[in-house]
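Okay, here's the thing in structure tokens:
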């Protein structure tokens, strides 16, 4: 029997008792690979105070008791690769029709109701705006996940994250357009290694939690040796600098050394090819984001293990994109429409159809080549890289690239899709869940507070109505979400 229903309002959350007792739950322990059945958890002052069997724990007076007999409980999940400012489609070129705060809070709710209580937020549109929302959530002004944010990404001019790539224009016009179209603070461009330390210090002072950059490699690296495709874009007045710009190993090394000196970790976006990953690992990054279109060599995986470099494959985004190209109607399935409201859903449908037509007609070499690589991605690059990473002992971390448009169209709240792929390609269910709990907490540097159900840690918990060890897709059967000992989502209040 469930003894309370909760409304998702700040006032109702603040009125909740300081002591919450959860009884009858089955605790899934991914480290021990065990289930502790019919357990009681006492949460007090935002932390886990006691854990044990119903027979051995006394329930404090005036505690709120949540009888969840037969349910399954996990630590609050962690999504290590999120773009909270974006809705799952590319909306850079659209004049804003809603406030950034409204958009961020909608995506925050979708994230929480999926069982994710902590995210690592990547760059996107207003690079610093996320820091304000992060702080306001922490202060209790808004309901949302715990956020670790990068702020703007570090790029070379015209490189992968450079604002000049999204809006090529003279500085004065660029400033105006970036304000109108919502691309402000997306990147900080770096010309020389000597500039890096001062930039890192400014970012730290602004309050970023980590640094985001890219591996060496051009933005369109999988056509960089393709003279025919290059000529195609040159004829269409594409600035050659957008085709040629690449993060250099020297600048990347300066970024990692400066960031580590300031106590910040460095995340590197993989520019498609394995060679860039090798160079990024040699430069000292802390995590590699995405799965390359190719195989990472054994020596690189070995070095990643030795240096504690994590890999966040974001496997689902490319799979989802290629599925949508094959069948655009998938974007209109109910779970997507609920997560991507208008006008963004129509924007996404139009963008997918445009890409599909470009591929069918062969009018855009980039999308044609990218699509042609998808069978290799599904059959070789993803499964073999995962197998080799697991064999080498590399720490794999879950991140679904939520909010991603372009080559993904991933709505917020879809982290379970990433774990489905991990199980499909060789992990058992315990190992898959570990990527979104223990492993993710270690990457984010919060393992002393989050990632497992242990006494003294933050009371971030997700309660499921079904057993995800029997079917990993049941991670989507979220009944309650608890953050800092407070119920922040209940399916019964929807």
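Residue numbers (our numbering): 260 to 753. C-beta atoms are modelled at their ideal positions from N, C-alpha and C, and glycine is treated no differently.
| Asked | Found |
| --- | --- |
| Distance CB(residue 544)-CB(residue 573) smaller than 8 Å | no |
| Beta-carbon proximity check, residue 674 vs residue 336, cutoff 8 Å | yes |
| Own chain partners of residue 396 with C-beta closer than 8 Å, once the 5 adjacent residues on each side are dropped | 367, 402, 403, 404, 405 and 406 |
| Residue 362 beta carbon less than 8 Å from that of residue 346 | yes |
| Run of the alpha helix (DSSP H) containing residue 554, from where it starts to where it stops | Looking at the DSSP string, residue 554 is not in any alpha helix (DSSP H), and its letter there is neither H nor E. |
| Residue 305 to residue 279 span [Cα, whole Å] | 9 Å |
| Expected contact under 8 Å - CB spacing of residue 678 and residue 655 to nearest Å | Not really, about 11 Å apart at Cβ, beyond 8 Å. |
| Where residue 631 sits in the DSSP three-state scheme | helix |
| Neighbourhood of residue 432 by C-beta distance below 6 Å, restricted to the same chain and skipping five residues each side | At residue 432 the pLDDT is 47, less than 50, meaning the model places this residue with poor confidence; the figure from the coordinates comes in the next sentence. Nothing meets the Cβ criterion. |
| Where residue 546 falls: helix, strand or coil (DSSP) | strand |
| Cα-Cα separation between residue 277 and residue 399, rounded to whole angstroms | 15 Å |
| Assumed close pair residue 535, residue 474 - CB separation to whole angstroms, cut-off 8 Å | 3 Å |
| CA-to-CA distance, residue 388 to residue 435, given in whole angstroms | Low per-residue confidence applies at residue 435: pLDDT is 49, beneath 50, and the placement is therefore not dependable, though the value from the model is reported in the following sentence. Their backbone Cα atoms lie some 18 Å apart in a straight line. |
| Rounded C-alpha distance that separates residue 550 from residue 634 | 14 Å |
| Residue 526 burial status per 10 Å Cβ neighbour count (16 or more: buried) | buried |
| Length of the line joining the Cα atoms of residue 745 and residue 476 | 45 Å |
| Cβ-Cβ separation, residue 412 to residue 420 (assumed contact under 8 Å), whole Å | 4 Å |
| Counted within 10 angstroms of its Cβ, other Cβ atoms place residue 712 as buried (16 or more) or exposed | buried |
| Beta-carbon separation (whole angstroms), residue 310 vs residue 328, contact threshold 8 Å | With 8 Å as the limit, residue 310 and residue 328 do not qualify as a contact, their Cβ atoms being about 16 Å apart. |
| For residue 262, three-class secondary structure by DSSP | Unreliable positioning characterises residue 262 in this predicted model, as indicated by a pLDDT of 41, which lies under 50. The coordinate reading is nonetheless provided below. It is coil, neither helix nor strand. |
| Contact the segment 560-571 vs the segment 663-674: 3+ CB pairs below 8 Å | no |
| Whole-Å CB distance - residue 669 paired with residue 748, under 8 Å assumed | Not quite, the Cβ-Cβ distance comes to about 20 Å (not below 8 Å), so this is no contact. |
| contact_flag[the segment 692-712, the segment 597-616] where n(CB pairs < 8 Å) is 3 or more | no |
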